[in-house]
Amino acid sequence: MAKTGFWLRGAKGKLAGAALQKGANGETIIREVVTPNNPQTVAQMIQRTLMSTVGRAYSAMKEITDHSYEGYKKGQATMAAFQQYNLRLLRDKVEKAIADGTDLYELYAFNPIGSNLFVVNEYQIAHGSLPVVTLTATDEDDALPGALMALTENTYQSVIDTYGLQRGDQLTFVFINANQADRGHTFHFARVILDPMNADGSQAALSSAFVQNGAINLPSVRNEGQFNTLVYSDGQLKMNMGRNIAAAGCIVSRQNSDSSWRRSDSRLVVMNAENGYPLQEALDNGGGSAGFETGN
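Take any residue in the sequence shown, note its place counting from 1, add 13, and you have its number in our numbering.
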């Protein structure tokens, strides 16, 4: 920064690589505008890495994240909301890791620049005012790992009563699978409408079984996606969408009378060595890099 009282006195604006401002005594203050091409500090490096990580995660899950933030329109607004919540989440983890002396590469498995692969993490994939449906991971020793949802009994009414929902609410189950290829993980989802329908198109009773023969019983015609396995046992609904489940989550959606939508908060549960399926083991067995991309 420099000052001048000569020919630039009183000048304001920009000149070449400098910004000109008027000082308190009428002098012109010249501030050099510097835009570094490369990170100049560790903080800058971490911020850029986190921005890239969050941006790629949003893009990979855009089919869901583009409309899962209550009160935000699709596009730039929802992307900004996703960044806001998840940059804060990841930054808190980084600060804790630095304080604990944890290697950041091991914590995040950051990918090479330009790799187009995405880091699996506990992303907040939805935000809103509806009740939250929390999923948990199956036990690490489970022969067929997946996500668990608590239910007192196997009925539509139990789903509604357990989580404070209502008939017609939509549950979107999100799964990320550690892929058996170098292209990274794949992203899948399945929607279930809490509105059981008889074969003739009439509404079925909410006391109807929710799961029957490994599938959603009396599904609404609006249901999308298929579970590989879906089993109710001992107060838990176990669900799986493919091999090597890396993360899972559930979003509640409800359409208002004016056709707008409300959402619930939802964060992914990561299946790692301490919480369900050991993700690193899946990668070591041919799962590719620690990232995911949109799958069909």
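Idealized CB from N, CA, C, for every residue including glycine.
Segment contact, 8 Å Cβ cut-off, at least three pairs: the segment 99 to 110 with the segment 55 to 66: At 8 Å Cβ cutoff, the stretches touch.
DSSP three-state assignment for N211, whether helix, strand or coil: Within the sequence shown, the letter at position 198 stands for residue 211. Looking at N211 - three-state DSSP - the assignment turns out to be coil, as it is neither helix nor strand.
Cα separation between A156 and Q216? What you label residue 156 is simply residue 143 of the sequence shown in a count that begins at 1. What you label residue 216 is simply residue 203 of the sequence shown in a count that begins at 1. Each residue's alpha carbon lies about 37 Å from the other.
To which residues of the same chain is P125 closer than 8 Å at the C-beta, ignoring the five residues directly before and after it? Within the sequence shown, the letter at position 112 stands for residue 125. Below a pLDDT of 50, predicted positions are generally treated as unreliable, and P125, at 45, falls in that range; the measurement from the model is reported next regardless. Its chain contains no residue whose beta carbon lies nearer than 8 Å to that of P125 once the 5 sequence neighbours on both sides are disregarded.
Should Q183 be labelled buried (16 or more other beta-carbon atoms within 10 Å of its own) or exposed? Within the sequence shown, residue 183 is the residue found at index 170, counting from 1. Flag for Q183 reads buried.
Whose C-beta lies closer than 8 Å to the C-beta of N167 among residues of the same chain, with five residues either side of it excluded? Counting from one through the sequence shown, the residue named residue 167 turns up at place 154. Same-chain partners within the cutoff: A222, F223, V224, Y245, L250.
Taking the Cβ atom as the reference point for each residue, do F202 and I111 lie within a distance shorter than 7 Å? Working through the sequence shown from its first residue, we reach residue 202 at position 189. Working through the sequence shown from its first residue, we reach residue 111 at position 98. Judged by their CB atoms, F202 and I111 are not nearer to each other than the 7 Å cut-off.
By Cβ distance below 7 Å, which residues in the same chain neighbour Q268 in space, the five residues on each side in sequence not counted? What you label residue 268 is simply residue 255 of the sequence shown in a count that begins at 1. Excluding residues up to 5 positions away in sequence, W274 lie with their Cβ nearer than 7 Å to the Cβ of Q268 in the same chain.
In this structure, how does DSSP classify F223 when only helix, strand and coil are distinguished? Numbered from its first residue, the sequence shown carries residue 223 at position 210. In this structure, F223 counts as coil in the three-state DSSP scheme.
Kindly identify the DSSP beta-bridge partner or partners of R276. Within the sequence shown, residue 276 is the residue found at index 263, counting from 1. DSSP lists S266 as partners of R276.
Pairing CB atoms from the segment 253 to 260 with CB atoms from the segment 164 to 178, are three or more of them under 8 Å? At 8 Å Cβ cutoff, the stretches do not touch.
Pull up the distance between the alpha-carbon of Y85 and that of F188, whole angstroms please. Here the question's residue 85 lines up with position 72 in the sequence shown. Here the question's residue 188 lines up with position 175 in the sequence shown. Y85 and F188: Cα-Cα distance of roughly 23 Å.
Residues in the same chain with beta-carbon distance under 7 Å from H80, minus the five sequence neighbours each way, listed in chain order, please. Position 67 of the sequence shown, counted from the first residue, corresponds to residue 80. If we look at H80 and ignore the five residues flanking it on each side, its Cβ neighbours are K87, T91.
Could you name the residues that DSSP lists as bridge partners for I189? Along the sequence shown, one-based indexing puts residue 189 at 176. DSSP output for I189 lists F200, A260 as bridge partner(s).
Counting only the same chain and skipping the five closest in sequence on each side, list residues whose C-beta sits under 8 Å from that of N230. For this step, residue 230 is matched to residue 217 along the sequence shown. Only P209, S221, A222, F223, V224 meet the Cβ criterion.
If distances are taken between C-alpha atoms only, which option among V145, D154, A228, D278 comes closest to Y98? Along the sequence shown, read from residue 1 onward, the residue named residue 98 stands at position 85. Looking only at V145, D154, A228, D278, the smallest Cα-Cα distance to Y98 is reached by D278.
Given this structure, state the Cα-to-Cα distance separating A228 from A70, to the nearest angstrom. One-based indexing of the sequence shown puts residue 228 at position 215. One-based indexing of the sequence shown puts residue 70 at position 57. If you take the alpha carbons of A228 and A70, they lie about 30 Å apart.
N-terminal and C-terminal residue of the alpha helix (DSSP H) that Q239 is part of: Here the question's residue 239 lines up with position 226 in the sequence shown. Per DSSP, Q239 lies in no alpha helix (DSSP H) and is assigned neither H nor E.
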